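Numbering that gives the first Met the number 0 numbers the first residue of the sequence shown as 0 and each following residue consecutively.
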Amino acid sequence: MASGFRKNQVAVSTLFQVCVWWTLALYYGATFGQEVEARAYSNAPIGLNFASAGIAQASSGSYTLTSEVTSFTHILDINGQSGKISLIIPYAELTGSKNVNSQTINASTNGFSDPVLKASINLYGAPALDSEEFKSYQQDLIVGASLNASIPWGSYSNQQLINVGANRWFIQPGVGASQAIGPWRLELEGAATIFTSNTSYIGSNTFSENPIYSTQTHVIYYFPSTAWLSIDTTYFIGGQAFVNGTPINGSQENWRFGSTFSYPIDKHNAIRLSASTGISSRTNNSFDLLGLSWQYRWGPGL
0 MASGFRKNQV AVSTLFQVCV WWTLALYYGA TFGQEVEARA YSNAPIGLNF ASAGIAQASS
60 GSYTLTSEVT SFTHILDING QSGKISLIIP YAELTGSKNV NSQTINASTN GFSDPVLKAS
120 INLYGAPALD SEEFKSYQQD LIVGASLNAS IPWGSYSNQQ LINVGANRWF IQPGVGASQA
180 IGPWRLELEG AATIFTSNTS YIGSNTFSEN PIYSTQTHVI YYFPSTAWLS IDTTYFIGGQ
240 AFVNGTPING SQENWRFGST FSYPIDKHNA IRLSASTGIS SRTNNSFDLL GLSWQYRWGP
300 GL
């Protein structure tokens, strides 16, 4: 199997970037598939719950990844400050083809992808409040921290080059701040994504990856109806990959630009539209993404 891997190393390195950045598109955002995530650090009444379901589609060249994602979020009191915990469960379908050395490589796979657990705590500026107390809350500066992790339960076969499951863990610690200026919110976030190794990559090979470091900025405007619109930018660097200790690509680098619009239907329901695109990529790993989701919220005071 190792010799077979070496014969196909060109194909592996060509398709690797597609795999990595579709994984980013699928996992690194709360808006069901967008890694550019606004409002990661904000305040909400304790006990409030959010459930959402949506669909997102990422495309890169002739490849298309469609993901249907459900998520659940609960707001809780953590030592007097508000925090939240979320579970994200994605299902994905991947189709496409690519010519490598005059040979067409087809990709078609589907199944449940790795679920993601997300936890965050506001360290300053977002006190734990019930629904009545929250009515008089006015945001100023919020500072928070987060920890996200994937669980390698998704569909995976070591006989396939491309899978919707990664067969490895990642953990992603992060910090961020949100400053209110009238109806505007200015946000800045930073994170590091650390990966374990996949020891069953195309047989019994070992796939490993250096950490990916990212920063995000968001400019958000709140309308009087409580609808909001965000303009988002993110930057990723790192993620050089290895098979059996041998590099198969260089360090990744990507600038992305996106926007999200959330519109409340009533006090329980809201719809959300999101889009993002690569605006600069040093390693040809850009993709375009569109998403639509429905969110339902319930809890004390609603």
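Ideal placement from N, C-alpha and C gives every residue a C-beta, glycine not left out. No experiment lies behind these values; they were computed from the predicted model shown.
On the CB-based measure, 16 or more other CB atoms within 10 Å of its CB, does residue i come out buried or exposed?
i    : result
T72  : buried
N253 : buried
L317 : Here the chain has residues from 0 to 301 only, and residue 317 is not among them.
D265 : exposed
So, at 7 Å on beta carbons, what are the nonlocal neighbours of residue i in its own chain, with the 5 sequence-adjacent residues on each side left out?
i    : result
S261 : A226, W227, A269 and R271
S224 : P263
Y136 : N42 and L128
S196 : R167, T205, F206 and S207
If we ignore side chains and look at the alpha-carbon of each, how far apart do residue i and residue j end up?
i    : j    : result
G298 : T205 : 46 Å
L291 : I54  : 6 Å
G143 : N42  : 11 Å
S130 : G277 : 40 Å
S154 : N78  : 38 Å
L64  : Y295 : 25 Å
V174 : A190 : 7 Å
Can you tell me whether residue i is helix, strand or coil according to DSSP?
i    : result
S135 : coil
S85  : strand
S310 : No answer is possible for residue 310: the residues shown for the chain start at 0 and end at 301.
V142 : strand
H267 : coil
I278 : strand
P172 : strand
L47  : coil
Compare the C-beta of residue i against all C-beta atoms of chain B and say whether one is closer than 8 Å.
i   : result
E67 : Of the protein chains in the structure, only one exists, and it is not chain B.
Can you give me the Cβ contacts of residue i inside the same chain, cut-off strictly under 8 Å, excluding the 5 residues immediately before and after it?
i    : result
P246 : Q239 and A240
P114 : L86, I87, I88, P89, S149, I150, W152 and G153
Going by beta carbon distance, what residues of the same chain come within less than 6 Å of residue i, once the five residues before and after it are set aside?
i    : result
N243 : N204 and T205
Just to check, is the beta-carbon of residue i closer than 7 Å to a non-hydrogen atom of the ligand PLP?
i    : result
T108 : What this structure holds is no ligand at all, so the ligand PLP is not there to describe.
Rounded to whole angstroms, how far is the Cβ of residue i from the Cβ of residue j, which I believe are closer than 8 Å?
i    : j    : result
G124 : L146 : At roughly 19 Å, the Cβ-Cβ gap does not stay under 8 Å, so G124 and L146 are not in contact.
A39  : S119 : 7 Å
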